[in-house]
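The numbering of the sequence shown is the working numbering, which starts it at 45 and goes up by one.
Cβ coordinates follow ideal geometry from the N, Cα and C atoms, glycine included.
Predicted model only: the values in this text are computed from it and were never measured.
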Amino acid sequence: MLRVVICKNPDEVGYQASRQVIESMQRTLAKSDRYVLGLPTGETPLPLYGYLIAAFYAGEIDFSAVHTFNLDEYVGLPPNHAQSYRYFMMRNLFDFVNIPVHQTHMPNGLTRDVNQECARYERLIESLGIDLWVLGIGRNEHIAFNEPGSSRESKTRKVKLTLDTIEANARFFESHDQVPTEALSVGISTVLDNSKEIVLMATGLSKAQAIAIALLGPVSGWIPASYLREHEHCTFYLDKLAASNCEQVIGEGVCPEYLEVVYAE
Ligand code: GLP
45 MLRVVICKNP DEVGYQASRQ VIESMQRTLA KSDRYVLGLP TGETPLPLYG YLIAAFYAGE
105 IDFSAVHTFN LDEYVGLPPN HAQSYRYFMM RNLFDFVNIP VHQTHMPNGL TRDVNQECAR
165 YERLIESLGI DLWVLGIGRN EHIAFNEPGS SRESKTRKVK LTLDTIEANA RFFESHDQVP
225 TEALSVGIST VLDNSKEIVL MATGLSKAQA IAIALLGPVS GWIPASYLRE HEHCTFYLDK
285 LAASNCEQVI GEGVCPEYLE VVYAE
């Protein structure tokens, strides 16, 4: 059963998702000496990262035993490049909490041996396991950089970005030709088969169609996010705009049986 939490705005999406992450961290660290968190980049998770930093400063959570795995990294960008995902994570989360840098894992987009690097990353994820993986979604229903056409069994690998994704990412670069066209990305299997809990966040009208198709369309590799419906413990946090193409269906009595829809207070 996939749980959908509809929130009034993007800040509430971040807040509600942060409560699930914080409770999961606290629950796990009460009985284990390690917590493993999967993380996305992008604009959508920024409020969540703000709430996690606030919870750290309030003494609610401690990151010293937390390991993180990021979903992806651009091929060819060094870690200190302002648009690399490593740089993004430092600037928006890692620099503000007490996580040891060697516990923050990302694929190395500068590797000379792509196959070896992807196998190393996949093995590390499999060996530590993921307590909770947070995801965003692309306008074309991609998760991580698993573009339409990705296989359910896909693992960490080098991927080519679609024109739509390159165009969406261009807003962060000075010119279109600087946008990387390839990335190292975890696969759909990497996320689904290693995570105890999954959280997907989506906000804004530009995600409304992707969310409606992911929730109500067929489960298929052409709709990578649709595979999340196969996970036992997955929650979508949506703002009103991201839910707007499907709210009339999922918010009413005709909601499919595989969805549980709740409204955040
Ligand atoms: C990129 C990332 C995804 C992310 C997506 C959406 O493609 N690889 O992991 O979910 O962007 O980003 P945003 O939250 O900025 O819309």
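Query raised in the report: Measuring from the CB of residue 109, is there a heavy atom of the ligand PLP at a distance below 6 angstroms?
Result: The model depicted lacks the ligand PLP and carries the ligand GLP instead.
Query - C-beta atoms of residue 294 and residue 303 nearer than 7 angstroms - result: Residue 294 is a Cβ neighbour of residue 303, given a cutoff of 7 angstroms.
Query raised in the report: Do you know offhand how far residue 189's Cα is from residue 97's?
Result: Straight through space, the alpha carbons of residue 97 and residue 189 are spaced by roughly 26 angstroms.
Query raised in the report: Going straight from the alpha carbon of residue 164 to that of residue 227, what length do you get?
Result: Their backbone Cα atoms lie some 16 angstroms apart in a straight line.
**Report entry** Segment limits, alpha helix (DSSP H) that includes residue 112
**Finding:** Counting along the chain, residue 112 falls outside any alpha helix (DSSP H), though it belongs to the beta strand (DSSP E) covering 110-114.
**Report entry** Heavy atoms of the ligand GLP versus C-beta positions, residues under 6 angstroms
**Finding:** With 6 angstroms as the limit, the residues whose C-beta approaches any heavy atom of the ligand GLP more closely are 84, 85, 86, 87, 88, 115, 116, 180, 181, 182, 188, 189, 209, in sequence along the chain.
**Report entry** Nearest neighbour of residue 276, chosen from 80, 202, 129, 243 [CA to CA]
**Finding:** Residue 243 is the option with its Cα nearest to residue 276.
**Report entry** residue 245, enclosing beta strand (DSSP E) - first and last residue
**Finding:** Per DSSP, the continuous beta strand (DSSP E) segment holding residue 245 begins and ends at 239-246.
Report task. Give every residue of the same chain whose Cβ lies closer than 7 angstroms to the Cβ of residue 196, excluding the five residues on either side of it in the sequence, and list them in chain order. Result -> If we look at residue 196 and ignore the five residues flanking it on each side, its Cβ neighbours are 232, 233, 265, 271.
Query raised in the report: Is the distance from the Cβ of residue 84 to the Cβ of residue 115 below 7 angstroms?
Result: A distance below 7 angstroms separates the beta carbons of residue 84 and residue 115.
Query raised in the report: For residue 192, which residues of its own chain have a beta-carbon under 8 angstroms away from its beta-carbon, when the five flanking residues on both sides are left out?
Result: Here the set comprises 184, 185, 186, 206, 265, 266, 267, 268.
Query raised in the report: Would DSSP call residue 310 helix, strand or coil?
Result: Nothing about residue 310 can be reported from this structure: the residues present for the chain run from 45 to 309 only.
Query raised in the report: Can you tell me whether DSSP reads residue 77 as helix, strand or coil?
Result: In this structure, residue 77 counts as coil in the three-state DSSP scheme.
Requested in this report: Just tell me which of 63, 48, 119 has its CA closest to the CA of residue 157.
Outcome: Closest option to residue 157, Cα to Cα, is 119.
Query raised in the report: In this structure, does DSSP put residue 264 in helix, strand or coil?
Result: Strand at residue 264.
**Report entry** Cβ pair residue 147, residue 125 closer than 7 angstroms
**Finding:** Not a contact, by the Cβ cut-off of 7 angstroms.
Query raised in the report: To the nearest angstrom, how far is it from the Cα of residue 74 to the Cα of residue 62?
Result: The straight-line gap from Cα to Cα measures roughly 18 angstroms.
Report task. Can you tell me which of the three DSSP states residue 118 falls into? Result -> When secondary structure is reduced to three states using DSSP, residue 118 falls in the strand class.
Query raised in the report: Between the beta-carbon of residue 175 and the beta-carbon of residue 72, is there less than 7 angstroms?
Result: In this structure, residue 72 lies closer than 7 angstroms to residue 175 by Cβ.
Query raised in the report: In whole angstroms, what is the alpha-carbon distance linking residue 259 and residue 88?
Result: Here the alpha carbon of residue 259 sits roughly 19 angstroms from the alpha carbon of residue 88.
Report task. List the residues that DSSP assigns as beta-bridge partners of residue 202. Result -> 228, per the DSSP bridge assignment.
Query raised in the report: By Cβ distance, which residues of its chain are closer than 6 angstroms to residue 201, with the 5 residues on each side in sequence left out?
Result: So the qualifying residues of the chain are 162.
**Report entry** Endpoints, the alpha helix (DSSP H) within which residue 208 is located
**Finding:** Unbroken alpha helix (DSSP H) run through residue 208: 207-213.
Report task. Find the nearest neighbour of residue 311 within the set 212, 230, 81, judged by alpha-carbon distance. Result -> Nothing can be reported for residue 311: it is not among the residues displayed for the chain, which extend from 45 to 309.
Requested in this report: Using beta-carbon positions only, say whether residue 204 and residue 166 come within less than 7 angstroms of one another.
Outcome: No, Cβ-Cβ distance for residue 204 and residue 166 is not below 7 angstroms.
**Report entry** residue 96: first and last residue of the uninterrupted alpha helix (DSSP H) it sits in
**Finding:** Note, residue 96: alpha helix (DSSP H), 90-101.
Query raised in the report: With DSSP run on the structure shown, which of helix, strand or coil describes residue 187?
Result: In the three-state scheme derived from DSSP, where H, G and I count as helix and E and B as strand, residue 187 is classed as strand.
Query raised in the report: What is the DSSP secondary structure of residue 55, counted as helix, strand or coil?
Result: Helix at residue 55.
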